[in-house]
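Colleague: Can you read through this structure? Questions will come right after.
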Amino acid sequence: MDYKDYYQILGVPRTATQDEIKKAYRKLARQHHPDNNPGDKQAEARFKDLNEANEVLSDPEKRQKYDRLGAQWQQYERMGGQPGGFDWGQWTAGPSVDFNDLFGGSSSSGFSDFFTQIFGNMGAANQPRRAAQRGPTRGRDVDHAVDIGLRDAYSGVTLTLQKDGQKLEVKVPPGVKTGSRVRVAGQGGAGRSGGEAGDLYLVVNVLPDPVFERDGDDLKSTVTIDLYTAVLGGEIRDPARTVPRAA
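Heads up: the sequence shown begins at 5 in this note's numbering, then just goes up one per residue.
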């Protein structure tokens, strides 16, 4: 089993800050999201890799453990070994080690064969017993990228999403901007052992507008006038009148 480089997947250096990791993930997740690439299996696989990489690198504790694994793998390569021959045995979970102990509550079934190989089925076998010992576990929060127009960002909009085959209507408030997060309580990952579901966060991307340009909380527009009006003054149509007022 080859080593999986999460830094390379997200296109960031190993010294990347949490903010750099977050920005890289959001950009690539939006690009490869299955909704934007219907029927594209490669995009779907890429999207899963991005989620897996973000799950680990966005959490300082998980990232530290992953970096420790990577350092040992790199040392093995420098000594002349091949990645496929790396001894994963020392990283395989034994009877007393649970995947959830190592990576903070996520189920191993949501990860690739890379992590299944490391933590193995022995850890998974202990999950029901350990889950009962821990009690209810809250589900994961989930990010979902959405595109809206500048005018919808100005006035607010209700989006209709599909979740588990059902329609979900979400109100995006007026004044959002690119990077704004809209929380939808209880619509994230399912909880375990009776735990509550996580939250869904819509990550907003405001699309360019053909008339207006946003400058903070202001809107700018370029208009063309003739020389006569420029010299003597006159009236022009206010482009702002074409924008609906926020309720």
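Where a beta carbon is used, it is the ideal one built from N, C-alpha and C, also for glycine.
No experiment lies behind these values; they were computed from the predicted model shown.
Could you give the residue range of the beta strand (DSSP E) that holds E173?
Modeller: Q170 to V176 is the span of the beta strand (DSSP E), which, as asked, contains E173.
Colleague: On a CA-only basis, which of D156, G237 and L236 is nearest V210? Give me that one, please.
Modeller: D156
Colleague: For the stretch 227-244 against the stretch 164-178, are there 3 or more C-beta pairs whose distance is under 8 Å?
Modeller: no
Colleague: Alpha carbon to alpha carbon, how far is P38 from A20? Give it in angstroms, no decimals.
Modeller: Roughly 27 Å separates the two Cα atoms.
Colleague: Can you tell me which of the three DSSP states R249 falls into?
Modeller: Bear in mind that a pLDDT of 46 at R249, under 50, signals an unreliable position, so the model cannot answer this.
Colleague: Under 9 Å, do S197 and G139 count as touching if we go by C-beta distance?
Modeller: yes
Colleague: Closest to L61 by C-alpha separation, out of Y11, R185, N41 and L236, would be which residue?
Modeller: That would be Y11, whose Cα lies nearest to the Cα of L61.
Colleague: Could you tell me the alpha carbon to alpha carbon distance between Y70 and D9, rounded to whole angstroms?
Modeller: 10 Å
Colleague: Alpha carbons only, please: which of L206, K52, V235 and P178 is nearest the one belonging to Q166?
Modeller: Nearest of L206, K52, V235 and P178 to Q166, Cα basis: L206.
Colleague: What does a CB cutoff of less than 7 Å around G153 pick up in its chain, not counting 5 residues either side in sequence?
Modeller: L211 and D213
Colleague: If you check the beta carbons only, do A57 and Y29 fall under 9 Å apart?
Modeller: yes
Colleague: Quick one: what's got a C-beta closer than 6 Å to D53's C-beta in the same chain, skipping five residues either side?
Modeller: Apart from the 5 residues on each side of it in sequence, D53 sits with its Cβ closer than 6 Å to the Cβ of I13 in its chain, given in chain order.
Colleague: Pull up the distance between the alpha-carbon of T162 and that of G237, whole angstroms please.
Modeller: 42 Å
Colleague: Could you give the first and the last residue of the continuous alpha helix (DSSP H) run that contains Q22?
Modeller: Q22 to H36
Colleague: What number of angstroms, rounded off, separates the C-alpha of P17 from the C-alpha of Q68?
Modeller: 15 Å
Colleague: Grab the span of the alpha helix (DSSP H) containing L211 for me, first residue to last.
Modeller: Taken as a continuous stretch (DSSP letters only), L211 belongs to no alpha helix (DSSP H), as it is neither H nor E.
Colleague: Classify R72 as helix, strand or coil using the three-state DSSP reduction.
Modeller: helix
Colleague: Check this for me: beta carbons of R34 and A149, under 9 Å apart or not?
Modeller: yes
Colleague: Grab the span of the alpha helix (DSSP H) containing E48 for me, first residue to last.
Modeller: K45 to L61
Colleague: Can you say whether E59 is buried or exposed, counting buried as having 16 or more other CB atoms within 10 angstroms of its CB?
Modeller: Classification for E59: buried.
Colleague: Hey, which unbroken runs of the alpha helix (DSSP H) at 4 residues or more fall wholly within the stretch 187-237?
Modeller: 231-236
Colleague: Give me the Cα-Cα distance between T233 and S159, rounded to the nearest whole angstrom.
Modeller: Each residue's CA atom was taken as its position, placing T233 and S159 some 32 Å apart.
Colleague: What are the start and end residues of the alpha helix (DSSP H) that includes D156?
Modeller: L154 to S159
Colleague: In whole angstroms, give me the CA-to-CA distance for E65 and R72.
Modeller: 11 Å
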